[in-house]
Amino acid sequence: HTAFIMANFGAKIFGASISGMTGAQSVIANSANNIANVNSEGYSKRRVNLEARQTSASGTGINVGNGVDIGELERVSSTYLERQLRVSQSQSSAAGVTDDYLARVEPYFGFGGDFYTVGTGLNEFRDSLIDLSVNPSSIELRSNVIAKAENLVSSIRTSYGAIADLQNEADGRIQTELLTVNSITKEIAALNGRIKSAESVGGVAADERDKRDQLLNKLAEKISFEVTEIDDGSINLYLESGFALVSGIKNYDLGFSRTPSTGSTSPALDGGSLGFIVYDYNAGGAPAQHVDLTNQIGAGDGTIGALLRLRGYNYTGAPPSAFSTTTGTLPTLARDIEAITQTLLTDFNTAYGGPLPQRAVDLNGNPPALFGMFTVNIGGGTITDANANSIPELADIQAFLPGQTVFSHILQVANTNPASVAAGRDQAVNPGVDPIIAVPGDASNITGANGLLADLDQPKGTFTISNVSYRDVYDNIVATIGNERNQARIEVSVYESNYNAAKTKRDELSQVSLDEEFTNLIRFQRAFEASARLIRIGDELLQEIVSII
Numbered sequence: 329h330t331a332f333i334m335a336n337f338g339a340k341i342f343g344a345s346i347s348g349m350t351g352a353q354s355v356i357a358n359s360a361n362n363i364a365n366v367n368s369e370g371y372s373k374r375r376v377n378l379e380a381r382q383t384s385a386s387g388t389g390i391n392v393g394n395g396v397d398i399g400e401l402e403r404v405s406s407t408y409l410e411r412q413l414r415v416s417q418s419q420s421s422a423a424g425v426t427d428d429y430l431a432r433v434e435p436y437f438g439f440g441g442d443f444y445t446v447g448t449g450l451n452e453f454r455d456s457l458i459d460l461s462v463n464p465s466s467i468e469l470r471s472n473v474i475a476k477a478e479n480l481v482s483s484i485r486t487s488y489g490a491i492a493d494l495q496n497e498a499d500g501r502i503q504t505e506l507l508t509v510n511s512i513t514k515e516i517a518a519l520n521g522r523i524k525s526a527e528s529v530g531g532v533a534a535d536e537r538d539k540r541d542q543l544l545n546k547l548a549e550k551i552s553f554e555v556t557e558i559d560d561g562s563i564n565l566y567l568e569s570g571f572a573l574v575s576g577i578k579n580y581d582l583g584f585s586r587t588p589s590t591g592s593t594s595p596a597l598d599g600g601s602l603g604f605i606v607y608d609y610n611a612g613g614a615p616a617q618h619v620d621l622t623n624q625i626g627a628g629d630g631t632i633g634a635l636l637r638l639r640g641y642n643y644t645g646a647p648p649s650a651f652s653t654t655t656g657t658l659p660t661l662a663r664d665i666e667a668i669t670q671t672l673l674t675d676f677n678t679a680y681g682g683p684l685p686q687r688a689v690d691l692n693g694n695p696p697a698l699f700g701m702f703t704v705n706i707g708g709g710t711i712t713d714a715n716a717n718s719i720p721e722l723a724d725i726q727a728f729l730p731g732q733t734v735f736s737h738i739l740q741v742a743n744t745n746p747a748s749v750a751a752g753r754d755q756a757v758n759p760g761v762d763p764i765i766a767v768p769g770d771a772s773n774i775t776g777a778n779g780l781l782a783d784l785d786q787p788k789g790t791f792t793i794s795n796v797s798y799r800d801v802y803d804n805i806v807a808t809i810g811n812e813r814n815q816a817r818i819e820v821s822v823y824e825s826n827y828n829a830a831k832t833k834r835d836e837l838s839q840v841s842l843d844e845e846f847t848n849l850i851r852f853q854r855a856f857e858a859s860a861r862l863i864r865i866g867d868e869l870l871q872e873i874v875s876i877i
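Following our numbering, the numbering of the sequence shown begins with 329 at its first residue and continues without gaps.
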């Protein structure tokens, strides 16, 4: 009996020692893998959990244990920290895109730099009229008025065109970014299947989970979304509204349509159409059955959310107005430029024609045309008074260009003949009845009551802001861009800082620490050596027992 007990303890020594060596080897092997991947992007360190081996409750005598078991391989990560990283990534990406586009808009509305701005054009055009009022008969000064009017028109067309081009660029980029989103969600769905299969038999799909988290971070650069992990290890992705992007092993591709089946339309600033982000419930079939996700995604962050807010979304108006986009930085700026254009076409041309019945006149005593200073390119011919009221109105233009509601890109100077600049007014005793009398030195159409200078300076109700002048509108545009650009720069700094802080916290937990791994190597190398030495001791004890027997 004594020999049996001694042999039993000997077996425990050998069993515990072998399990200790095996356990130490597993930890050392895991540390080797961690060290090998210290610079691998997206790698989360692994940890081997060792557990005391369970012993039987039966039997007699002292139960000293049966050694150690290798427990689960643990992937060290935090769902909370990963989510914080994704949120800050989305915010940082959105701020970066916003700042980039505003930085490209800003030069067109500054007071200096390489661009001839609308503000400069307004100032110089006004100054040219003041100069002409001093010597109305000067052909040189009249030519200067026309030149400055052309510069003003050019600045309006350039600024509006730049905004329209940026809107088109943003629209096209959204379409491209959606292809990336679909590619990412497809990969995530495939990884869900692999993770589910691997972990259904008790394994840990650590590599697949690393890859999936990397993809989630890339997706967060594009759009905002929520993640829910289910018991089988797969995850579901969905928008804040609840629309699923990924459900288990299936992803739902987002589409981009300029003619969605919902019937919505969204005119672009250049006369084209903006696209909607949609999901087609009848994918591959006809007719399409779209659900519009544009507003949902536009309310979020990521590059696509920022691009939508810049480009414009949440369309509520009736076509063909390009300014019925209620949310959008670029359409708002373009709307203010267009307001200046339309007021020049209507109010300024009205003032240029002179107060009825006293008409404005040029050097030759001729009154100006209905759209005497500023007009639009109608492809030939002259715009006539469609309403027969002697007042230049947009309806007169639309009689030649049906459905046209935006005019900045086709604005032009009506007259290039210096002698035809109407600086004076009819000096007949009974204007409108007696023959027109033109006085070469007359500048009353510039300086008189309701004259051109008064029109440029007086507040109007035709702008997006009531009771302001041309200059006030432009200054408001400059202030708006300046404030938004400044806010964007602040957000870039803040969100980059938040992202770096979130990444640091995540890395402190999940990133491989060489110091920690080297400590583990030394610790478990010694443990391995101790277990190996115990085997030798156990062998010596066994030999002693055999010799006694």
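Cβ coordinates follow ideal geometry from the N, Cα and C atoms, glycine included.
Cut-off 7 Å between Cβ atoms - residues of its own chain near P648, not counting five sequence neighbours on either side: Translated into positions along the sequence shown, residue 648 becomes position 320. Note that P648 scores 49 on pLDDT, short of 50, meaning its location in the model is unreliable; the coordinates nonetheless yield the value given after this. Here the set comprises P595, G731 and T733.
Spatially closest choice to N692 from L469, P746 and Y436, by CA coordinates: If you number the sequence shown from 1, residue 692 lands on position 364. Distances from the alpha-carbon of N692 to those of L469, P746 and Y436 put P746 closest.
Under 7 Å between C-beta atoms of T808 and I474: Locating residue 808 in the sequence shown gives position 480, where the first residue counts as 1. Locating residue 474 in the sequence shown gives position 146, where the first residue counts as 1. Not in contact: T808 and I474 (Cβ atoms no closer than 7 Å).
Any 3 or more C-beta pairs closer than 8 Å across the stretch 658 to 673 and the stretch 681 to 692: The count of Cβ pairs closer than 8 Å, one atom from the stretch 658 to 673 and one from the stretch 681 to 692, stays below three, leaving the stretches out of contact.
Ordered list of alpha helix (DSSP H) runs contained in the stretch 582 to 654, each at least 4 residues: Runs of alpha helix (DSSP H) with 4 or more residues, each lying fully within the stretch 582 to 654, are found at 622 to 626 and 630 to 639, listed in chain order.
Separation of S859 from G866, as counted between CA atoms: The sequence position of residue 866 within the sequence shown is 538, counting from 1. The sequence position of residue 859 within the sequence shown is 531, counting from 1. If you take the alpha carbons of G866 and S859, they lie about 10 Å apart.
Distance CB(I484)-CB(S736) smaller than 7 Å: Position 156 of the sequence shown, counted from the first residue, corresponds to residue 484. Position 408 of the sequence shown, counted from the first residue, corresponds to residue 736. Contact flag set, yes.
Beta carbon of P464 nearer than 7 Å to that of G681: Taking the sequence shown and counting its residues from 1, one reaches residue 464 at position 136. Taking the sequence shown and counting its residues from 1, one reaches residue 681 at position 353. No, these two residues do not count as a Cβ contact at 7 Å.
S421 - containing alpha helix (DSSP H), residue span: For the purposes of this step, residue 421 is taken as the residue at position 93 of the sequence shown. Taken as a continuous stretch (DSSP letters only), the alpha helix (DSSP H) holding S421 covers T407 to V433.
Local Cβ density within 10 Å of F702, reported as buried at 16 or more and exposed below that: Taking the first residue of the sequence shown as 1, we reach residue 702 at position 374. Around the beta carbon of F702, a 10 Å sphere encloses 16 or more other beta carbons of the protein chains shown; the residue is thus reported as buried.
Three-way DSSP call (helix, strand, coil) for N795 in this model: In the sequence shown, residue 795 corresponds to position 467, counting from 1. Of the three classes helix, strand and coil, the one that applies to N795 here is coil, per DSSP.
For K476, the three-state DSSP class (helix, strand or coil): For the purposes of this step, residue 476 is taken as residue 148 along the sequence shown, with counting starting at 1. Shown here, K476 sits in a helix according to DSSP, grouped into three states.
Ordered list of alpha helix (DSSP H) runs contained in the stretch 773 to 854, each at least 4 residues: The stretch 773 to 854 contains, as complete alpha helix (DSSP H) runs of 4+ residues, the segments 780 to 785 and 798 to 838 (chain order).
Rounded distance between the beta-carbons of Q503 and G603, thought under 8 Å: Locating residue 603 in the sequence shown gives position 275, counting from the first residue. Locating residue 503 in the sequence shown gives position 175, counting from the first residue. With a Cβ gap of about 6 Å, G603 and Q503 count as contacting.
V462 to S456 span [Cα, whole Å]: Translated into the one-based positions of the sequence shown, residue 462 becomes position 134. Translated into the one-based positions of the sequence shown, residue 456 becomes position 128. Rounded to the nearest angstrom, the two C-alpha atoms are 10 Å apart.
Beta-ladder partner(s) of S575, from DSSP: As a working mapping, residue 575 is identified with position 247 in the sequence shown. Paired residue(s): N564 and K578.
Local Cβ density within 10 Å of T710, reported as buried at 16 or more and exposed below that: The residue labelled residue 710 in the question sits at position 382 within the sequence shown. Exposed, by the Cβ-count rule.
Contact set for V741: own chain, Cβ-Cβ below 8 Å, skip 5 residues either direction: Along the sequence shown, one-based indexing puts residue 741 at 413. When the five nearest sequence neighbours on each side are left out, the beta carbons in the same chain lying within less than 8 Å of the beta carbon of V741 are those of I474, A477, E478, V481, M701, F702 and T703, in order along the chain.
Rounded separation between A364 and S528 - CA only: What you label residue 364 is simply residue 36 of the sequence shown in a count that begins at 1. What you label residue 528 is simply residue 200 of the sequence shown in a count that begins at 1. Cα to Cα, A364 sits roughly 28 Å from S528.
Option in S748, T712, N362 and G370 with minimal Cα separation from P695: Within the sequence shown, residue 695 is the residue found at index 367, counting from 1. Of the candidates S748, T712, N362 and G370, the one whose C-alpha sits nearest the C-alpha of P695 is S748.
Buried versus exposed call for K373 [16 or more other C-beta atoms within 10 Å across all chains shown]: What you label residue 373 is simply residue 45 of the sequence shown in a count that begins at 1. Buried: at least 16 other Cβ atoms inside 10 Å.
Coil, strand or helix - A364 by DSSP: In the sequence shown, residue 364 corresponds to position 36, counting from 1. Three-state result, A364: helix.
The stretch 831 to 845 touching the stretch 424 to 436, judged by at least three CB pairs closer than 8 Å: Because the criterion of three Cβ pairs below 8 Å is not met, the stretch 831 to 845 and the stretch 424 to 436 do not touch.
Classification of H329 by the beta-carbon crowding that lies within 10 angstroms, buried from 16 upward: Numbered from its first residue, the sequence shown carries residue 329 at position 1. Caution applies to H329, whose pLDDT of 48 falls short of 50 and renders its modelled position unreliable; the model cannot decide the point.
Sheet register partners of E554 (DSSP bridge): On the sequence shown, residue 554 is found 226 positions in, with the first residue counted as 1. DSSP output for E554 lists Y566 as bridge partner(s).
Buried versus exposed call for S552 [16 or more other C-beta atoms within 10 Å across all chains shown]: What you label residue 552 is simply residue 224 of the sequence shown in a count that begins at 1. Residue environment analysis places S552 among the buried positions, since at least 16 neighbouring C-beta atoms fall within 10 angstroms of its C-beta.
7 Å Cβ cutoff met for A291 and V574: With the chain represented from 329 up to 877, any question about residue 291 goes unanswered, as that position is not in the structure.
Proximal residues to R586 (C-beta, below 6 Å), its chain only, five neighbours per side dropped: The residue given as residue 586 occupies position 258 in the sequence shown. The beta carbon of R586 sits closer than 6 Å to those of S601 and G603, all from its chain and outside the five residues before and after it, given in chain order.
Inter-residue spacing [alpha-carbon to alpha-carbon] between K340 and N394: The count along the sequence shown starts at 1 and reaches residue 340 at position 12. The count along the sequence shown starts at 1 and reaches residue 394 at position 66. Approximately 6 Å between the Cα atoms of the pair.
Meets three-Cβ-pair contact criterion under 8 Å: the stretch 771 to 789 and the stretch 400 to 407: Judged by Cβ distances under 8 Å, the stretch 771 to 789 makes no contact with the stretch 400 to 407, as fewer than three pairs qualify.
Under the three-state DSSP convention, the category T350 falls into: The residue given as residue 350 occupies position 22 in the sequence shown. It is helical.
Three-state secondary structure (DSSP) of I333: The residue labelled residue 333 in the question sits at position 5 within the sequence shown. With a pLDDT of only 49 at I333, under 50, the local geometry of the prediction cannot be trusted, and no value is derived from it.
Beta-carbon separation (whole angstroms), A533 vs G561, contact threshold 8 Å: As a working mapping, residue 533 is identified with position 205 in the sequence shown. As a working mapping, residue 561 is identified with position 233 in the sequence shown. Separation of the CB atoms of A533 and G561 is rounded to 7 Å, and the pair is thereby assigned contact status at 8 Å.
Cα-Cα separation between L739 and T669, rounded to whole angstroms: As a first step, residue 739 must be located in the sequence shown, where it is residue number 411. As a first step, residue 669 must be located in the sequence shown, where it is residue number 341. L739 and T669: Cα-Cα distance of roughly 7 Å.
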